[in-house]
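*Asks:* Structure in C-alpha cells, see below.
In the numbering used here, the protein residues as written are 461 to 720.
Listed below in C-alpha cells is the structure:
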C-alpha cells in the first residue's frame, strides 16, 4: 500500500503559454516516479489560470479535456500570487499538495525527496530553498537577503528562502489555516501561521534554474510596499493564535490518512 493516498501538483499561472506543456509533462514524470516508488497511489495536476491574456487558459482547457488527471480553474480577473494560491489550495484534493511555478525553478525529480522527508520526519510542510541564487542578478539577490532576514526577525521563522515556489504540505494543514494575503507575502503567511499553530516544517536545499521563458512579476516597488503592509497586519493577527491540539494537526496518527 502506498504511504500517501494522493498528491496534487498545483501550478499558479499567468501568461505561461510557453511553459505550460513542459510544466505538466514534468509533473507527470514526478507523479509516475512516486507511484512506482510506492510513495503515492495516484496524483493529479491542478492549473489556476489567473486571467491570462495569452493562450494559457485555452491550452490548459485542451490539456484537461485530453487527460482526466488535469483540472483547470480560471480567474475572471487577475488576483496575483496570493489570490491564485488561495484558489489552488481550496481546489487541491490530494492528501498532500505541492505548489510550484510553471517555469520549473528546480528539477521536479526533487519532489520524490520532498515526499520522503514529509513522511519520514512526520512533517506538515517541506519548504525548499535554493543553493545558488546568483543567476537572479545582484539587485534581486540583495532584496531577497534583506527580506528573509527581516522575516526571520519579525516572525522567528528559522527558515531560508521563504518565497521560493517549492512547498509540499499536507491537506490537513491547509484545512486548518486561513490565509489572507493577496500578494507575494502569502508564502511567509503560510509558514508563519503554520508555525504558530504548531505544525512542523522541515527544509532542504535544491539546485535552482532561473526563469528563461515568460515574465517574472515579483520585486517591483508596489509589490514590496504591499508586502510590508501585510507583514505588520500578520504580526498583529498571530498574537491571538494558539497551537492546535495534536489530534487536529496529525490526524494520520489517530486513525486518519493512508497507511505507512
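Glycine is no exception: its CB is placed at the ideal position from the N, C-alpha and C atoms.
The structure displayed is predicted, hence computed values, not measured ones.
Counting beta carbon pairs with one atom in the region 558-578 and one in the region 526-535, are three or more of them shorter than 8 Å?
*Replies:* no
*Asks:* As an exercise, report each continuous beta strand (DSSP E) stretch of at least 3 residues that is fully enclosed by the region 553-610, in chain order.
*Replies:* 556-560 and 585-590
*Asks:* Mark residue 720 as exposed unless 16 or more other C-beta atoms lie within 10 angstroms of its C-beta, in which case mark it buried.
*Replies:* Confidence in residue 720 is poor, its pLDDT being 40 and thus under 50, which makes the residue's placement unreliable; the coordinate value appears in the next sentence. So residue 720 counts as exposed.
*Asks:* Can you check DSSP and say which residues form a bridge with residue 502?
*Replies:* 466
*Asks:* I need the DSSP call for residue 664, collapsed to helix, strand or coil.
*Replies:* strand
*Asks:* Taking the alpha-carbon positions, what's the residue 572 to residue 686 distance?
*Replies:* 35 Å
*Asks:* Return the residue from the list 547, 628, 689 and 501 that minimises the CA-CA distance to residue 509.
*Replies:* 547
*Asks:* How far does the alpha helix (DSSP H) with residue 480 in it extend, from its first residue to its last?
*Replies:* 480-496
*Asks:* For residue 474 and residue 462, what's the separation of their Cα atoms in angstroms?
*Replies:* When only Cα atoms are considered, residue 474 and residue 462 end up about 34 Å apart.
*Asks:* For the beta strand (DSSP E) that contains residue 531, what are its first and last residues?
*Replies:* 530-534
*Asks:* Pull the bridge partners of residue 628 from the DSSP assignment, please.
*Replies:* 558 and 586
*Asks:* Could you check whether residue 582 and residue 645 sit closer than 8 Å to each other, using their CB atoms as the reference points?
*Replies:* no
*Asks:* Pairs of beta-carbons, one from the region 565-580 and one from the region 512-532, closer than 8 Å: are there three or more?
*Replies:* no
*Asks:* Nearest to residue 564 by alpha carbon, out of 700, 470, 711 and 696?
*Replies:* 470
*Asks:* The alpha helix (DSSP H) spanning residue 706 covers which residue range?
*Replies:* Unbroken alpha helix (DSSP H) run through residue 706: 706-709.
*Asks:* Considering Cα atoms alone, identify which of 604, 634 and 511 is closest to residue 589.
*Replies:* 604
*Asks:* How would you call residue 601, buried or exposed, if buried means at least 16 neighbouring beta carbons within 10 angstroms?
*Replies:* Residue 601 comes out exposed.
*Asks:* Is residue 637 helix, strand or coil when you go by DSSP?
*Replies:* coil
*Asks:* Assign residue 703 to one of two classes, buried (16 or more other C-beta atoms within 10 Å of its C-beta) or exposed (fewer than that).
*Replies:* exposed
*Asks:* For residue 662, which residues of its own chain have a beta-carbon under 6 Å away from its beta-carbon, when the five flanking residues on both sides are left out?
*Replies:* 577, 581, 583 and 586
*Asks:* Going by beta-carbon coordinates alone, are residue 503 and residue 592 separated by less than 8 Å?
*Replies:* no
*Asks:* Measure the beta-carbon distance from residue 562 to residue 480 and round it to whole angstroms, keeping in mind my assumption that it falls under 8 Å.
*Replies:* 6 Å
*Asks:* So which of 525, 625 and 486 has the shortest CA-CA distance to residue 722?
*Replies:* Examination of residue 722 is not possible in this model, given that the chain is present from 461 through 720 alone.
*Asks:* Can you give the beta carbon distance from residue 701 to residue 656, rounded, assuming they're within the 8 Å contact cut?
*Replies:* 5 Å
*Asks:* Identify every residue that forms a DSSP beta bridge with residue 472.
*Replies:* 508
*Asks:* If distances are taken between C-alpha atoms only, which option among 527, 709 and 526 comes closest to residue 631?
*Replies:* Cα-wise, what sits closest to residue 631 is 709.
*Asks:* Comparing C-alpha positions only, which one of 610, 629 and 482 sits nearest to residue 566?
*Replies:* Of 610, 629 and 482, the residue nearest in Cα terms is 482.
*Asks:* Can you tell me whether residue 525 is helix, strand or coil according to DSSP?
*Replies:* Residue 525 falls in the helix class under three-state DSSP.
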